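Novice: The sequence shown begins at 1 in UniProt numbering and counts up by one. Glycine residues also receive a C-beta, built at the ideal position from the N, C-alpha and C atoms. All values reported here derive from a predicted model rather than from experimental measurement. Attaching a single structure in structure tokens format; questions to follow.
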Amino acid sequence: MQQGAKDPKSPIKVINIVGGGTAGWMAAATLARHFRGHDLSIRLVESEQIGTIGVGEATVPSILNLNRYLGIRERDFIAATGATFKLGIEFSDWYTAGESFFHPFADFGAPLGGIPFYPCWLKQYKLGNAAPLSEYSLATALAKGGRFAQPDPDTQNPLALYNYAYHFDASRYAALLRRIAESHGVRRIEGKIVEVRLDSSNGDIRSLHLQSGEILHGDLYIDCSGFRGLLIEQALATGYEDWRHWLPVDTAVAVQSERAGPAPPYTRATATAAGWRWRIPLQHRNGNGHVFSSAHMTTEQASTELLKNLEGSALGEQRVIRFAAGMRKKFWNRNCVALGLASGFIEPLESTSISLIQTGVEKILKFLPDLIPEQKNIDEANRLNRQEYERVRDFIILHYKLNGRDDTQFWRDMRDMAVPDTLQQKMDAFTEDGRLLSFEQESFQEASWLAIYDGFQFRPRNYLAEVDKLDNKQVIRAMENMRHAIATAATHAPPHHTFLRQAFLQPQEA
Ligand code: FAD
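Laid out in structure tokens, this is it:
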């Protein structure tokens, strides 16, 4: 071993995190909490001058696990971040203009005679005996009615099972995470990194040089510097796998606005001529954006479309953000792990970026036992990370591939494109007899795939033969009972804003 080089088997003693956006503070809080009591110092460098991306406000249910792990009480979280509840996403104008469907964080119906609900429904639907699939989902009924109640964690009733996530103000969330990280001993350093030096003996990152003159040495570096990938790309030249041939949307205009009316408990994604608009309701405002393909639409057109459709007046300036769908060839390269936008980006159609940060951090914890890095663990972490990104990518591509719009070249091109083999395989299995193939490391489970297939009216040719063993009349009656029970339960839940105010925002006895 060269003099001064670190023994590869010795434990990591210093972790430097670069970036204080959502990714940086999520990593700092989680690592500090996990490695409490170890001989480890964690520092986070961020630059107010550079700032953060300032978007990223809709989440998926796994955020609840992170909050629980960090000991954040839901009540404190909701008050601190201006959060609202999210039961899923409404997709408007995706299949055809004027039609919408809902992707709930929940399954549909309940099994009948030991057979999953979907094939039973499919048979009856084909026979004209069933209502649309969405009517068998309590989460969808709640969302449509603008209502919310928390699911009973002890319920045995499959119809009453659903998950939820949140919409929140990302900068306030980062501030909350920062307090937790600092309470566990993380040291924050304000300053701009102007140089990253590599170790000439092995190519690892050796030091970070700040504009102030301060130099930081460390054993592990976490790159949370955003799209620029200051360490993973600019210093280590890891390489980027570009997926724009499948996901050509590459620009966003974003603006906050006043909210007119009560906050609905869901995100809305509305398809436009060459992309889609989001509306994310927080307690105190809406987050809005228009994500589009710059090859098919100008920024001016996208901006006009966005402003025209705001519900209340715009708050502040519009921001233009450019990106390329894809991922770093390795998210863990040498002594550097990239998280958040530094590691890759898939457009926010299903609000997946924050959950990918979370699973990225989990990989560091899992594959760095006792803080000792091993190449075989790093390779496995990279393999799993890639797989996870690819699964999310496939799920997002599905939304475009199944579109039924004929109004613009963009939508026709998206429908005609060849999709990745992994996605084609899934679509083929489903078309045949409704089989939902699920692979290792799926962020989206079967129910989510079903919601999208059905929303786009992409239905199997055949239903499972097993279904014919059930008595038709009994199935029809059971399904009708389910639908009725769901509609009734939904109308008994309070309006979302009432629930928020009464359960979370009013002072309560400790
Ligand atoms: P950033 O927020 O960009 O933070 C980078 C940090 O690095 C900053 O603190 C900066 O100061 C620091 N930094 C950079 N260079 C230096 C330097 N030289 N010296 C010191 N510090 C430096 N995700 C979701 O989950 N849900 C959504 O709804 C969603 N919507 C999105 C919409 C759009 C249009 C985009 C582009 C992204 C969206 N995302 C969403 C993704 C989400 O915004 C990010 O995953 C999340 O904010 C994490 O960003 P980050 O921390 O990686 O980067």
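1. Residues bridged to Ala106 by DSSP?
2. To the nearest angstrom, how far is it from the Cα of Met1 to the Cα of Val14?
3. Along the alpha helix (DSSP H) that carries Ile189, what are the first and last residues, could you check?
4. Please state the DSSP three-state secondary structure of Gly4.
5. Please identify the residue among Asp416, Lys330, Asp407 and Leu423 whose C-alpha is closest to the C-alpha of Asp379.
6. Counting beta carbon pairs with one atom in the stretch 216-226 and one in the stretch 336-350, are three or more of them shorter than 8 angstroms?
7. Among the candidates Gly82, Pro119 and Thr52, whose CA atom is the shortest distance from the CA of Asp454?
8. Can you list, in chain order, the stretches of the alpha helix (DSSP H) that have 4 or more residues and sit fully within the stretch 342-414?
9. Please tell me whether His34 and Leu365 are closer than 7 angstroms, where the distance is taken between their beta carbons.
10. Measuring alpha carbon to alpha carbon, tell me which residue in Glu233, Pro151 and Leu349 is nearest Trp332.
11. For Leu310, which residues of its own chain have a beta-carbon under 7 angstroms away from its beta-carbon, when the five flanking residues on both sides are left out?
12. Can you give the beta carbon distance from Leu210 to Val18, rounded, assuming they're within the 8 angstroms contact cut?
13. From Ala235 to Leu341, what does the alpha carbon distance come to, in whole angstroms?
14. Determine the direct distance from the alpha carbon of Leu436 to that of Phe323, and round the result to whole angstroms.
15. What do you get for Lys401, buried or exposed, if any count of 16 or more other CB atoms within 10 angstroms of its CB means buried?
16. From Thr251 to Ser293, what distance separates their C-alpha atoms?
17. Taking the beta carbon of Ala465 as the centre, do at least 16 other beta carbons fall within 10 Å, making it buried, or is it exposed?
18. Please return the same chain residues whose Cβ sits closer than 6 angstroms to the Cβ of Phe367, not counting the five positions on each side in sequence.
19. So the candidates are Leu127, Arg483, Arg501 and Ile42; which of them puts its Cα closest to the Cα of Gly109?
20. The beta strand (DSSP E) that contains Ser92, what's its start and end?
21. Sorry if obvious, but does the Cβ on Ile53 come closer than 6 angstroms to a heavy atom of ligand 1?
22. Expressed to the nearest angstrom, what Euclidean distance is found between the alpha-carbon atoms of Pro11 and Leu371?
23. How would you call Ser245, buried or exposed, if buried means at least 16 neighbouring beta carbons within 10 angstroms?
24. Please name the residue in Ile321, Leu384 and Ile396 whose C-alpha comes closest to that of residue 512.
25. Residue ranges of each alpha helix (DSSP H) run of no fewer than 4 residues wholly in the stretch 150-219, ordered along the chain?
26. Touch check for the stretch 129-144 and the stretch 91-100: three-plus C-beta pairs under 8 angstroms?
27. Along the chain, where does the alpha helix (DSSP H) containing His492 start, and where does it finish?
28. Nearest to Thr422 by CA position, among Asp433, Ala447, Val392 and Arg412, is which residue?
29. Quick check on Gly455: does DSSP put it in helix, strand or coil?
30. Please state if the CB of Arg206 and the CB of Trp25 are separated by a distance shorter than 7 angstroms.
31. Just checking, does the stretch 353-363 make contact with the stretch 51-62 on the three C-beta pairs under 8 angstroms criterion?
32. If you drop the 5 nearest sequence neighbours on each side, which residues of the same chain put their C-beta closer than 8 angstroms to that of Asp407?
33. Answer with buried or exposed for His399, where buried requires no fewer than 16 other C-beta atoms within 10 angstroms of its C-beta.
34. Find out if the Cβ-Cβ distance for the pair Gly146, Pro495 is shorter than 7 angstroms.
35. Tell me whether residue 559 sits in a helix, a strand or coil according to DSSP, three-state version.
36. Report buried or exposed for Val194, applying the criterion of at least 16 other Cβ atoms within 10 angstroms of its Cβ.
Specialist: Concretely, from the data shown:
1. Ala106 pairs with nothing; no bridge assigned.
2. Because the pLDDT at Met1 is just 39, under 50, the model does not fix this residue reliably, and the value given afterwards should be weighed accordingly. Here the alpha carbon of Met1 sits roughly 20 angstroms from the alpha carbon of Val14.
3. Taken as a continuous stretch (DSSP letters only), Ile189 belongs to no alpha helix (DSSP H), being part of the beta strand (DSSP E) at Arg187 to Glu190.
4. Only weak support exists for where Gly4 lies, its pLDDT of 40 falling under 50; the coordinates are left without a value.
5. The candidate whose alpha carbon is nearest that of Asp379 is Lys330.
6. A contact exists between the stretch 336-350 and the stretch 216-226.
7. With distances taken between Cα atoms, Asp454 lies closest to Pro119.
8. Here the runs fully enclosed are 353-367 and 375-401.
9. Yes, these two residues count as a Cβ contact at 7 angstroms.
10. The candidate whose alpha carbon is nearest that of Trp332 is Glu233.
11. The residues are Ser257 and Asn288.
12. No, Leu210 and Val18 are not in contact; Cβ-Cβ is about 11 angstroms, not under 8 angstroms.
13. Spanning the two alpha carbons is a distance of roughly 16 angstroms.
14. In a straight line, the C-alpha of Phe323 is about 32 angstroms away from that of Leu436.
15. Of the residues assessed, Lys401 falls on the buried side of the cut-off, its CB having 16 or more other CB atoms within 10 angstroms.
16. The straight-line gap from Cα to Cα measures roughly 6 angstroms.
17. Counting the other Cβ atoms within 10 Å of the Cβ of Ala465 gives fewer than 16, which makes it exposed.
18. The answer, listed in chain order, is Asn377 and Ala381.
19. For Gly109, the nearest C-alpha among the options comes from Arg483.
20. From DSSP, the beta strand (DSSP E) with Ser92 extends over Gly88 to Ser92.
21. For ligand 1, at least one heavy atom lies less than 6 angstroms from the Cβ of Ile53.
22. In a straight line, the C-alpha of Pro11 is about 5 angstroms away from that of Leu371.
23. Inspection of the sequence shows that residue 245 is occupied by His rather than by Ser. Answer is exposed; the Cβ neighbour count stays below 16.
24. Past the boundaries of the shown model lies residue 512; the chain is included only from 1 to 510, so the question cannot be answered.
25. Qualifying alpha helix (DSSP H) stretches, in chain order: 170-183.
26. No, the stretch 129-144 is not in contact with the stretch 91-100.
27. Per DSSP, His492 belongs to the alpha helix (DSSP H) from Asn472 to His492.
28. For Thr422, the nearest C-alpha among the options comes from Val392.
29. Of the three classes helix, strand and coil, the one that applies to Gly455 here is helix, per DSSP.
30. It is not a contact, given that the beta carbons lie outside the stated cut-off.
31. The stretch 353-363, when compared against the stretch 51-62, does touch it at the 8 angstroms Cβ threshold.
32. Ala97 and Ala273.
33. Buried.
34. In this structure, Pro495 lies closer than 7 angstroms to Gly146 by Cβ.
35. Outside the displayed span of the chain (1 to 510) sits residue 559, for which this structure offers no information.
36. The C-beta of Val194 has fewer than 16 other C-beta atoms within 10 Å across all chains shown, which makes the residue exposed.
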